[in-house]
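Just so we're aligned, residue 71 is where the sequence shown starts under the numbering used here, counting upward by one. Backbone N, C-alpha and C define an ideal beta-carbon position, used for all residues, glycine too.
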Amino acid sequence: MDRIACVIVARAHWLAAFGLVLALLLAGGLGRLSLDNSQRAFFPQGDEIIERTDWLAERMGNGKDAMILIYVPAEADVLSPFSLSQLRTVADEARALPYVIDTSSFFDAQKLAVVPESGSARDRLVALPFLQGADLFSDAGLAALKRDLVAAPTVLGRSLGRDFKSAAITLQVELDNPGEDDGLTRRERIDALKTAVDRLEAVVVEAEPGARVMLVGSGLFEHVSTEVLKYDVRRLFPMFGAFFVLTLLACYRSILFAAGSAVLIGLVVAATAGTMAWAGVSLSTVSVSGLLLVGTLAVADIIHIANGYFLNRSAPSNAAALEAAIRAYFLPVLATSLTTALGAAAMFMTPARPIAILAAVILVGVGLALLLTLMLLPAMLLACPRQDLPIHDRIVAGILRASRAARARRAWSLGVTGVVTIAAIFGIAQLVVNDDLAGWFDESTEFRQGMDLLDTQYLSLRTITLAVQVKDADRDALLNANDRIDPGYFGDLQRRLSAGTEGDWLSVVTAQQSWRVRLAERSEPNGFRPDPAMLSPDLGKPSSSVLADSGLLTQLEPGVADWSVSYFDATDPTTFGLLEQATRIEDLATAQGDAARAPSLQGVPYAFARTSAANFVGISIGSLGAMALVTLSMLLVFRSLGLALIAIIPNILPLLITYGAWGAVSGQLNMAAVGVFSIAYGIVVDDTIHLIIAYRNRRRAGLNHAEAIDKAIVSSGSAVLVTTVLLSCGFLLLSLSDFNLTAQKAGMTGCAIITALAFDLLVLPILLQWSGKRTQRMGGNGGEAQFQ
């Protein structure tokens, strides 16, 4: 260690020059940096559920980029004559929006109606536009129309909101191959589409102040993620940079050190991003958040070495002080970099590529932070004069008082720790894995507002679909003109599904049942029994196109099998709750053993739940492995099983408390929050390692336990506190992101770091003192022997 320190100090300026060239070369890759915020990136390549979902969408005549245009009138009711005229304007204008190839709206919806058969005593079942024969200018007519809609679940909750306060227009958008190459990227085409929608909203608002027209749908995920990322980079990175510089100025009173450290962190971040770009890896909003994490981790390396340099007032020269600091902190800094890397490596167990890339960003960043810190920091410190730092004396004095008070009241301190830990366990028991695209964005974003509106007033965002092949006999039964319809196979299937699952079904059978109830209300003058004088004379019999237009049947193609499509919304929409219901559906759908029906379950929510569950299981296993490896690395660093085991307690308990608090506040874990355990564990052990190594060195020097603990706090306490403040504030600033996947991960990590500091300064000394006294009572002779 002495030789390494001597070489670094002696070659400080050469190392700085080489390090600067290396950093700039790596940062040069920024020009090749690309973003991939595609929703599909979260699914494994060749995911069978996604492939089946795309196949079904194609059979139903839908494209992969289906989006929804929602009209929210200023009036309370979308069925008022004025609101319907506005909706007609929006629907007509929607057809002219860029890259839109087809639309469907309430005006395209059909309903079944009963009209008298000419020259016959019997009635005739016909299909007609929903508004035909409806009286919109009387309260009775509007009430009858609403009863019609309530009985038509393929329209209410599909074209109209269930509360009648909004209407949706489905857009089939072609963004990848728009027919004529306009030289624009997919994101630029979405920008053009949103700009056109904004213009349409301006036209609507001019005639109806207070109305809204929103473009929503999962197809906007890539666009919204990129916009949120740009906003966060412009807002959060400068905030962290300013806070970092001001904190270093307050603590070390050196403009050169504060500014130089900011530049060093900037170079680490740029070099990390550039390295990923040189490797051909596309980043996403999730993985870019890792760059700020890398910047905060570089802070720890800088502060510990700098703290040892500035506080060494007895050294005869700056070079001697720097050499002593490197000698004292090289091993701890190396060990903490290793533990952080091991914690991040657990995320490679995820099937979601953006999460795995986040792990790669952290690994690369941790390595570059250590390398560039050792190359660039020494030359910068040699140029910074050492001086008295009264703030550090006050910090150390305060920490010592708190630590001694905790040791003096050991039973009380450990009792409080136990009570908080037990409470945390109850909070953890409330946690459920719950991932959905809308929940990944803050409620203030238009995307989240639109998706929440879809979720509450239209088909749920967790809806999964069951496709079952239809035979000719089934089609004839389903379209039978008699009021008494026996759907045969599908009736039996629906009865099994309704009885064996927990949730709501929308299928050919449930729609038929709703229609039949409404058709039986013969007293109605409107709606399903309209005034014949208001109908055109050429109304035809219902056909399979009625079901296809309603989304309950695939489009009829000669020589191609038809499929019925059923929609299921689970009562428990959490990840594992949805998967449990999906398993039941698959078992029930195949219970009759009719292979020719080829039932298949699909839907993006189903694929997403499978990915989320695999992410949870994979990262949980990876976290346990990372924890074992981190403990093993501490064993190698401390060369003491006792110290390695002691180090686990003040690091595992803060994580349990953090998860417990999150369980009480939110109760839900998304993909990123699941990985907080491994990342945070790799980070929070850093302070423990510094304190235990300082304690071990003092014990080797012959100090007793209390003196060794006090000296360890004096030598490392201020650095531990400053790094914790900077790290936690960096993460908590990141928790202000509008991208909840980043915000929740960062907020939990920041809270874990703060909690771990309290355990390191208050609980760890108690454990060290108790362990040492216990060893002495068992016949130990002090010093390092007690930990062998």
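| query | Counting Cβ pairs, one atom from each stretch, are 3 or more of them under 8 Å apart for the stretch 106 to 113 and the stretch 421 to 432? | reply | yes
| Just how far apart, CA to CA, sit V275 and E516? | 17 Å
| query | With M309 and I689 assumed to form a contact (beta carbons below 8 Å), what rounded beta-carbon distance in angstroms separates them? | reply | M309 to I689, Cβ: 29 Å. No contact.
| field | Residues of its chain near A328, where Cβ-Cβ distance is below 6 Å and the 5 sequence neighbours each way are ignored | value | When the five nearest sequence neighbours on each side are left out, the beta carbons in the same chain lying within less than 6 Å of the beta carbon of A328 are those of V315, L318 and L319, in order along the chain.
| task | In the DSSP assignment, find the unbroken beta strand (DSSP E) run with W125 in it and report its ends. | result | Per DSSP, W125 belongs to no beta strand (DSSP E); it is in the alpha helix (DSSP H), E118 to R129.
| message | Assuming Q870 is part of the alpha helix (DSSP H), what are its boundary residues? | response | In this structure the chain extends from 71 to 858, so residue 870 is not present and cannot be described.
| request: Could you tell me how far apart the beta carbons of V707 and L401 are, in whole angstroms, since I believe they sit closer than 8 Å? | output: 7 Å
| message | Within 10 Å of its beta-carbon, does R768 have 16 or more other beta-carbons around it, so buried, or fewer, so exposed? | response | buried
| field | Paired residues, beta bridge with M284 - DSSP | value | I140
| message | Strictly by DSSP, which residues pair up with T535? | response | Y637 and Q672
| message | Using only the alpha-carbon positions, how far apart do A210 and Y729 sit? | response | 55 Å
| Unbroken alpha helix (DSSP H) runs of length 4 or more, entirely within the stretch 373 to 412: which are they? | none
| request: Output the boundary residues of the alpha helix (DSSP H) element that contains V333. | output: I325 to W348
| said: Judging by CA-CA distance, which residue of L226, E271, H374 and A222 is the nearest neighbour of S785? | reply: H374
| Between the stretch 281 to 299 and the stretch 517 to 528, do at least 3 Cβ pairs fall closer than 8 Å? | yes
| field | Rounded separation between L452 and I753 - CA only | value | Answer to the nearest angstrom: the Cα atoms are 28 Å apart.
| Just curious, the alpha helix (DSSP H) that A859 is in, first and last residue? | Look at the range of the chain in this structure, 71 to 858, and you will see that residue 859 is not part of it.
| query | Helix, strand or coil: which one does DSSP assign to K181? | reply | When secondary structure is reduced to three states using DSSP, K181 falls in the strand class.
| query | At what residues does the beta strand (DSSP E) containing W510 begin and finish? | reply | No beta strand (DSSP E) contains W510, which DSSP labels as neither H nor E.
| request: Could you check which residue in L326, L206 and L167 has the C-alpha nearest to that of V267? | output: L167
| said: Using only the alpha-carbon positions, how far apart do V489 and S483 sit? | reply: 10 Å
| How long is the line joining the alpha carbons of L367 and E513, rounded to whole angstroms? | Here the alpha carbons of E513 and L367 stand approximately 30 Å from one another.
| request: Sort out for me which residues DSSP pairs W575 with in a bridge. | output: F638
| request: Hey, could you find the ends of the alpha helix (DSSP H) L95 is sitting in? | output: DSSP places L95 in the uninterrupted alpha helix (DSSP H) bounded by A82 to A97.
| Can you tell me where the alpha helix (DSSP H) with T728 in it begins and where it stops? | L711 to V735
| task | Determine the direct distance from the alpha carbon of A136 to that of G289, and round the result to whole angstroms. | result | 7 Å
| task | Hey, could you find the ends of the alpha helix (DSSP H) L452 is sitting in? | result | Note, L452: alpha helix (DSSP H), R423 to L452.
| said: Just to confirm my understanding: we take R480, look at its own chain, exclude 5 residues before and 5 after, and list those with CB closer than 6 Å. What are they? | reply: I836
| query | What does DSSP give as the partner residues of L105 in its beta bridges? | reply | L353
| request: Would you tell me roughly how many angstroms separate the C-alpha atoms of L658 and R565, rounded to the nearest one? | output: 10 Å
| How many angstroms separate the CA atom of L723 from the CA atom of T491? | 7 Å
| task | Excluding the 5 residues preceding and the 5 following Q527 in the sequence, name in chain order all residues of the same chain whose CB lies nearer than 8 Å to its CB. | result | Within the same chain, and ignoring the five residues on either side of Q527 in sequence, the residues whose Cβ sits closer than 8 Å to its Cβ are G227, G231, R232, D233, K235 and S236.
| said: So, under 8 Å CB-CB, W633 and T624 are touching, yes? Tell me the CB distance rounded to an integer number of Å. | reply: Right, their Cβ atoms sit about 5 Å apart.
| task | With DSSP collapsed to three states, give me the class of P199. | result | P199 falls in the strand class under three-state DSSP.
| request: In the DSSP assignment, find the alpha helix (DSSP H) that holds L299 and state where it starts and stops. | output: Taken as a continuous stretch (DSSP letters only), the alpha helix (DSSP H) holding L299 covers F291 to Y322.
| field | At least 3 beta-carbon pairs within less than 8 Å: the stretch 731 to 748 vs the stretch 815 to 828 | value | yes
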